[in-house]
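One structure below.
Numbering (the working numbering), first residue to last: 144 to 484.
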């Protein structure tokens, strides 16, 4: 079992629980107490007794001149979420019986990923999604065998529906194993750059699993003496929904004033991991926003470069173009454009 401590009370988890968070209600944070090692996937995930795999490989790092693109949509379910699902479902598969219902709330990508890894491991998967979820994402979730539950209301309403459904709440946000799976992204970047850290990494920000897991990976490399510094992290949100950027930049955010954005995967108005995200971005980087026109143009430009991504992924290219960034820049492209044509 992954060692994890509560972000509120500091208590360490000592046993597996039916609840993914701490008894006090706080969020559990992975505790990495071993040195980084070179080798196949399990060596840096020693708590996994078995590994559920759908054939993941290191995703390409494409050098496109002024920037390098980490093509994390080259995953089994076409999004970076497979990194987290692999760690979470591998962990659950060794602790829960086959046939048990596991429930997840998602805007689409996490739902597809949990559905694929969960059903292939013998679980009965229920995915709760907002009623305005794109049909392509719903069809993909269904294809992997999960039952879809459309929920009216906010993202919190969707999460509440999943949390109260019979079975285990396999929340990709609350379960620390999911975030911990994102460490692998940092290791891949490190290896693909000949065992060094880039100057800067751009990532889309919403619920926070990618941001926090990736930062944890670079911190682990630093603590293990493998790199000299954690790269500057540039978190990217939309002008339409930007609670994290507002907090980082000291601006008041009104969740009731949020607008529509084509970047539908970046729609979390009240992220549970908000405080932790803000702390990491203030420590290692910054948070910037991009507008709708910038996003649409960025997606088209990336497609002309041979990278067809969903709008939420294109935000990093839109952000990168807003000013001149020197040094070596990595832009993480998170989801395939076929999900949101």
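The beta carbon of each residue, even a glycine, is placed where N, CA and C say it ideally should be. Bear in mind the structure is a predicted one, so any value in this text is a computation, not a measurement.
Legend entry - Environment of residue 160 [buried if 16+ CB atoms lie within 10 Å]: Position 17 of the chain shown, counted from the first residue, corresponds to residue 160. The residue in question, residue 160, is exposed, as its Cβ has fewer than 16 Cβ neighbours within 10 Å.
Inset, instruction - Leaving aside the five residues before and after residue 324 along the sequence, list all residues of the same chain whose C-beta is less than 6 Å from its C-beta, in chain order. - result: Sequence index remark: in the chain shown, residue 324 carries index 181 (1-based). Within its own chain, the residues whose Cβ lies closer than 6 Å to the Cβ of residue 324, once the five positions on either side in sequence are excluded, are 226, 227, 229, 230, listed in chain order.
Inset, instruction - From the DSSP output, in three-state form, read off residue 370 for me. - result: As a first step, residue 370 must be located in the chain shown, where it is residue number 227. Three-state DSSP puts residue 370 in coil, outside helix and strand.
Inset, instruction - For residue 307, count neighbouring Cβ atoms within 10 angstroms of its own Cβ and tell me buried if that reaches 16, exposed if not. - result: If you number the chain shown from 1, residue 307 lands on position 164. So residue 307 counts as exposed.
Legend entry - Cβ distance (whole Å) where residue 463 is taken to contact residue 210 below 8 Å: As a position in the chain shown, residue 463 is number 320, starting the count at 1. As a position in the chain shown, residue 210 is number 67, starting the count at 1. That belief holds up - the Cβ atoms of residue 463 and residue 210 are roughly 6 Å apart, short of 8 Å.
Legend entry - Minimum C-alpha distance to residue 353 - residue among 420, 336, 394: Position 210 of the chain shown holds residue 353. Comparing Cα positions, the closest option is 420.
Inset, instruction - Give me the Cα-Cα distance between residue 260 and residue 290, rounded to the nearest whole angstrom. - result: Here residue 260 refers to the residue found at position 117 when the chain shown is read from its first residue. Here residue 290 refers to the residue found at position 147 when the chain shown is read from its first residue. Rounded to the nearest angstrom, the two C-alpha atoms are 14 Å apart.
Legend entry - Span of the alpha helix (DSSP H), counted from its first residue to its last, around residue 444: Residue numbering aside, residue 444 sits at position 301 when the chain shown is read from its first letter. Note, residue 444: alpha helix (DSSP H), 435-447.
Legend entry - Residues that residue 312 bridges to, as DSSP identifies them: Taking the first residue of the chain shown as 1, we reach residue 312 at position 169. Residue 312 pairs with 246.
Inset, instruction - Would you identify the three-state DSSP class for residue 195, choosing helix, strand or coil? - result: Reading the chain shown from its first residue, position 52 is the one you call residue 195. In the displayed model, residue 195 falls within coil according to three-state DSSP, outside both helix and strand.
Inset, instruction - May I ask you to verify whether the region 419-435 touches the region 175-189, counting CB pairs closer than 8 Å and requiring at least 3? - result: Too few Cβ pairs lie closer than 8 Å, so no.
Inset, instruction - Could you tell me the distance, in whole angstroms, from the CA atom of residue 152 to the CA atom of residue 303? - result: Residue numbering aside, residue 152 sits at position 9 when the chain shown is read from its first letter. Residue numbering aside, residue 303 sits at position 160 when the chain shown is read from its first letter. Each residue's Cα considered, the two are about 23 Å apart.
Inset, instruction - Using the Cα positions of residue 448 and residue 415, report the straight-line distance between them to the nearest angstrom. - result: Residue numbering aside, residue 448 sits at position 305 when the chain shown is read from its first letter. Residue numbering aside, residue 415 sits at position 272 when the chain shown is read from its first letter. When the Cα atoms are used, residue 448 and residue 415 turn out to be separated by approximately 35 Å.
Inset, instruction - Go ahead and label residue 344 buried or exposed: buried means 16 or more other beta carbons lie within 10 angstroms of its beta carbon, across all protein chains shown. - result: Along the chain shown, read from residue 1 onward, the residue named residue 344 stands at position 201. The residue in question, residue 344, is buried, as its Cβ has 16 or more Cβ neighbours within 10 Å.
Legend entry - Contact check, residue 246 vs residue 312, beta carbons under 8 Å: For the purposes of this step, residue 246 is taken as residue 103 along the chain shown, with counting starting at 1. For the purposes of this step, residue 312 is taken as residue 169 along the chain shown, with counting starting at 1. Annotated as proximal: residue 246 and residue 312, with beta-carbon spacing under 8 Å.
Inset, instruction - Closer than 7 Å by C-beta to residue 374: which residues in its own chain qualify, once you throw out the five before and the five after it? Chain order, please. - result: The count along the chain shown starts at 1 and reaches residue 374 at position 231. Contacts found: 340, 341, 342, 343, 344, 361.
Inset, instruction - Give me the Cα-Cα distance between residue 215 and residue 326, rounded to the nearest whole angstrom. - result: One-based indexing of the chain shown puts residue 215 at position 72. One-based indexing of the chain shown puts residue 326 at position 183. Answer to the nearest angstrom: the Cα atoms are 13 Å apart.
Inset, instruction - With DSSP as the reference, please indicate the residues paired to residue 430 in a beta bridge. - result: Here the question's residue 430 lines up with position 287 in the chain shown. Residue 430 pairs with 378.
Inset, instruction - Measure the CB-CB distance between residue 385 and residue 432 and report whether it falls below 8 Å. - result: By 1-based counting over the chain shown, the position of residue 385 is 242. By 1-based counting over the chain shown, the position of residue 432 is 289. For the 8 Å CB-CB criterion, residue 385 and residue 432 form a contact.
Legend entry - Which listed residue (457, 331, 348, 446) has its alpha carbon closest to that of residue 423: Walking along the chain shown from the start, residue 423 turns up at place 280. Minimum Cα distance to residue 423 is reached at 348.
Legend entry - Residue of 235, 300, 240, 412 minimising C-alpha distance to residue 389: As a working mapping, residue 389 is identified with position 246 in the chain shown. When C-alpha distances from residue 389 are compared across 235, 300, 240, 412, the shortest belongs to 412.
Legend entry - Residue from 441, 235, 367 whose Cα sits closest to the Cα of residue 192: Within the chain shown, residue 192 is the residue found at index 49, counting from 1. Considering only 441, 235, 367, the residue with the shortest C-alpha distance to residue 192 is 235.
Inset, instruction - Identify whether residue 257 lies in helix, strand or coil by the three-state DSSP scheme. - result: Here residue 257 refers to the residue found at position 114 of the chain shown. It is helical.
Inset, instruction - Taking all protein chains shown into account, decide if residue 171 is buried (16 or more other Cβ within 10 angstroms of its Cβ) or exposed. - result: As a working note, residue 171 is residue 28 in the chain shown. Label assigned to residue 171: buried.
Inset, instruction - Can you tell me which of 212, 187, 185, 219 puts its alpha carbon nearest to the alpha carbon of residue 200? - result: Your numbering for residue 200 matches position 57 in the chain shown. Ranking 212, 187, 185, 219 by Cα distance to residue 200 puts 219 first.
Inset, instruction - Taking residue 146 as part of the alpha helix (DSSP H), name the residues at either end of that continuous run. - result: Taking the chain shown and counting its residues from 1, the one referred to as residue 146 is at position 3. Element bounds for residue 146: n/a, residue is neither H nor E.
Legend entry - residue 288, DSSP secondary structure in three states: Translated into positions along the chain shown, residue 288 becomes position 145. Per DSSP, reduced to three states, the secondary structure at residue 288 is coil, with no helix or strand assignment.
Legend entry - Nearest to residue 442 (by Cα), restricted to the options 402, 275, 233, 484: Walking along the chain shown from the start, residue 442 turns up at place 299. Put simply, of 402, 275, 233, 484 the residue whose alpha carbon is nearest the alpha carbon of residue 442 is 484.
Inset, instruction - Starting from the C-beta of residue 203, find all residues in its chain whose C-beta is less than 7 Å away, skip the five residues before and the five after it, and write them out in chain order. - result: For the purposes of this step, residue 203 is identified with residue 60 of the chain shown, where counting begins at 1. Within the same chain, and ignoring the five residues on either side of residue 203 in sequence, the residues whose Cβ sits closer than 7 Å to its Cβ are 214, 217.
Inset, instruction - Pick out whichever of 435, 144, 164 has its Cα sitting closest to the Cα of residue 403. - result: As a position in the chain shown, residue 403 is number 260, starting the count at 1. Looking at the Cα atoms, 435 is the closest of the given residues.
Inset, instruction - Compute the distance between the beta-carbons of residue 249 and residue 194, then report whether it is under 8 Å. - result: As a working mapping, residue 249 is identified with position 106 in the chain shown. As a working mapping, residue 194 is identified with position 51 in the chain shown. Contact flag unset, no.
Legend entry - residue 222 - DSSP class collapsed to helix/strand/coil: Here the question's residue 222 lines up with position 79 in the chain shown. Correct three-state label for residue 222: strand.
Legend entry - Counted within 10 angstroms of its Cβ, other Cβ atoms place residue 238 as buried (16 or more) or exposed: Translated into positions along the chain shown, residue 238 becomes position 95. That one is exposed.
Legend entry - CA-to-CA distance, residue 387 to residue 381, given in whole angstroms: The sequence position of residue 381 within the chain shown is 238, counting from 1. The sequence position of residue 387 within the chain shown is 244, counting from 1. Taking the Cα positions, residue 381 is about 10 Å away from residue 387.
Legend entry - Beta-carbon proximity of residue 357 to residue 329, cut-off 8 Å: Working through the chain shown from its first residue, we reach residue 357 at position 214. Working through the chain shown from its first residue, we reach residue 329 at position 186. Remark: C-beta atoms of residue 357 and residue 329 approach each other more closely than 8 Å.
Legend entry - residue 397, buried or exposed, once every other Cβ within 10 Å from all chains shown has been counted against 16: Indexing the chain shown from 1 puts residue 397 at position 254. Residue 397 comes out exposed.
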